[in-house]
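Student:
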Amino acid sequence: MSSASRSVLAFAIRATLDELKRMKSEGVGALTVEELTLSGLREAVADAVGSPVFSDSESCPPVSPRQPLPEPSEASSPDAVSLIHSVTSEGDLTPPRFELPKGSKKERWEWLHEKVLNCEICLANRNIERQIVFGVGNLDADIFFCGEAPGEEEEKQGEPFVGPAGQKLNGMIRGMGLEREQVYIGNIMNWRPRTESGFGNRPPSPQEIGFCLPYLKAQLSIIQPKVIVALGNTAIQALLSDTTLKVGKVRGHWFEFESVPMLPTFHPSYILHNESNRTKRMVWEDLLKVMERLDLPISDKQRAYFL
Ligand code: URA
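Position 108 of the sequence shown, counted from 1, bears residue number 1482 in our numbering, the numbering being contiguous throughout.
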């Protein structure tokens, strides 16, 4: 294998690892890999190390089609840490301090929107030629859906949840008998965390989260929702200041953030990777709890979704 091909392979592996880490942060614990993909990977790796392609029964341990994602210890190996942190943090990530002006919700939201779009740290950290992403939706919304960070489509369009995960979130909202325009949708992060390879996604670092959190709190203090739905591990951990929390353990239980009741559930991307009725039912039961808390009408048909 030529050195150019080898660096392409290293680049692809790094991008894949970034994506796996991001999926893990959303609560994905396992994924299905086609046998064809596995043999392609074996061939590429064998080629890169200059050894003959190993067969399942010899040098390569048997691989079941369902591969667990790396354990946290692997993800936080020195290599992974440098991979994560060497690409973060343009400028001083001391959290911004500011006071919202007086005025109507609309005036205060517009002031904050302008402030975030002109935030120098956000501008310095976003991907080149991509946009800062601020929350959208109804300023009088009862429900504030909080995700992790913009993805590729979001940073292109400058709006949260407009890519595949956004389509899934829209479906969840419609299932509740609501329209996207009736809720508020935001993210912990206002920019898509950069990766070294320039491809894929990675979970934001604690410093990046700490920097963006005051902007999220300010949105909450303007909207004053009755409920926050925290989507996935990163949002849950950031809002509850506890990096040990796992969505699988805390989902469906009520917490509080800034005195607002908060319900954690799986990230819509998690459903995209786990389209079983069991997964959908778990998320749906969490959303039923939100509907009950808000006294939204629930039909028998809705109660029985994904059973
Ligand atoms: N995932 C998120 O957490 N937020 C988005 O806006 C899109 C994907």
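Note that CB positions come from ideal geometry on N, CA and C, so glycine has one too.
Taking only heavy atoms of the ligand URA into account, decide whether any of them is closer than 6 Å to the Cβ of Pro-1475.
Tutor: Pro-1475 Cβ: outside cutoff for every heavy atom of the ligand URA.
Student: Please report the distance separating the alpha-carbon of Lys-1620 from that of Val-1601.
Tutor: Distance between the alpha carbons of Lys-1620 and Val-1601 is about 20 Å.
Student: For a quick check, are the C-beta atoms of Pro-1470 and Pro-1588 less than 7 Å apart?
Tutor: For Pro-1470 and Pro-1588, yes; Cβs fall inside 7 Å.
Student: Can you determine whether any heavy atom of the ligand URA sits closer than 6 Å to the C-beta of Ala-1612, and answer yes or no?
Tutor: Every heavy atom of the ligand URA is 6 Å or more from the Cβ of Ala-1612, so no.
Student: Considering only heavy atoms of the ligand URA and the C-beta of each residue, which residues fall inside 5 Å, strictly closer?
Tutor: Having a Cβ closer than 5 Å to some heavy atom of the ligand URA are Gly-1521, Glu-1522, Pro-1524, Gly-1525, Glu-1528, Pro-1534, Phe-1535, Ala-1539, Asn-1561.
Student: Is it true that the CB of Asn-1561 sits closer than 7 Å to the CB of Ala-1523?
Tutor: Yes; because the gap between Cβ atoms is below 7 Å, this pair is in contact.
Student: Expressed to the nearest angstrom, what Euclidean distance is found between the alpha-carbon atoms of Pro-1599 and Ser-1650?
Tutor: Looking at the two C-alpha atoms, the distance is approximately 31 Å.
Student: Report yes if the CB atom of Asn-1564 is closer than 7 Å to the CB atom of Ile-1495, and no otherwise.
Tutor: Not in contact: Asn-1564 and Ile-1495 (Cβ atoms no closer than 7 Å).
Student: Compute the beta-carbon to beta-carbon distance between Leu-1605 and Pro-1642, rounded to the nearest angstrom, for a pair I have assumed lies under 8 Å.
Tutor: Confirmed, Cβ separation roughly 7 Å.
Student: Which value, in whole angstroms, describes the spacing of the CA atoms of Leu-1594 and Phe-1518?
Tutor: Answer to the nearest angstrom: the Cα atoms are 8 Å apart.
Student: Measure the C-alpha to C-alpha separation of Leu-1614 and Ser-1673 and round it to an integer number of angstroms.
Tutor: Answer to the nearest angstrom: the Cα atoms are 33 Å apart.
Student: At which residues does the beta strand (DSSP E) containing Leu-1605 begin and terminate?
Tutor: Where Leu-1605 is concerned, the enclosing beta strand (DSSP E) stretches over 1601 to 1605.
Student: For Thr-1608, count neighbouring C-beta atoms within 10 Å of its own C-beta (all shown protein chains included) and say buried if the count is 16 or more, exposed if not.
Tutor: So Thr-1608 counts as buried.
Student: Quick check on this structure: which residue in Trp-1483, Asp-1466, Lys-1542, Gln-1531 has the alpha carbon closest to the alpha carbon of Asn-1499?
Tutor: Nearest option by C-alpha distance: Asp-1466.
Student: My output table needs one value for Glu-1630: the three-state DSSP class, helix, strand or coil.
Tutor: Of the three classes helix, strand and coil, the one that applies to Glu-1630 here is strand, per DSSP.
Student: Between Pro-1638, Phe-1508, Gly-1537, which lies nearest to Val-1490 when the distance is taken from Cα to Cα?
Tutor: Of the listed residues, the one whose Cα sits closest to Val-1490 is Phe-1508.
Student: Could you check what DSSP says for Ile-1559 in three-state terms: helix, strand or coil?
Tutor: DSSP places Ile-1559 in strand when its eight states are reduced to three.
Student: Which word fits Ser-1571, buried or exposed, when buried means at least 16 other C-beta atoms lie within 10 angstroms of its C-beta?
Tutor: So Ser-1571 counts as buried.
Student: Between Leu-1486 and the rest of its own chain, which residues show a CB-CB distance below 6 Å, the 5 nearest in sequence each way excluded?
Tutor: Excluding residues within five positions, the ones whose Cβ falls inside 6 Å are Ala-1592.
Student: How is the beta strand (DSSP E) around Gly-1545 delimited, first residue to last?
Tutor: Unbroken run through Gly-1545 is the alpha helix (DSSP H), 1538 to 1549; no beta strand (DSSP E).
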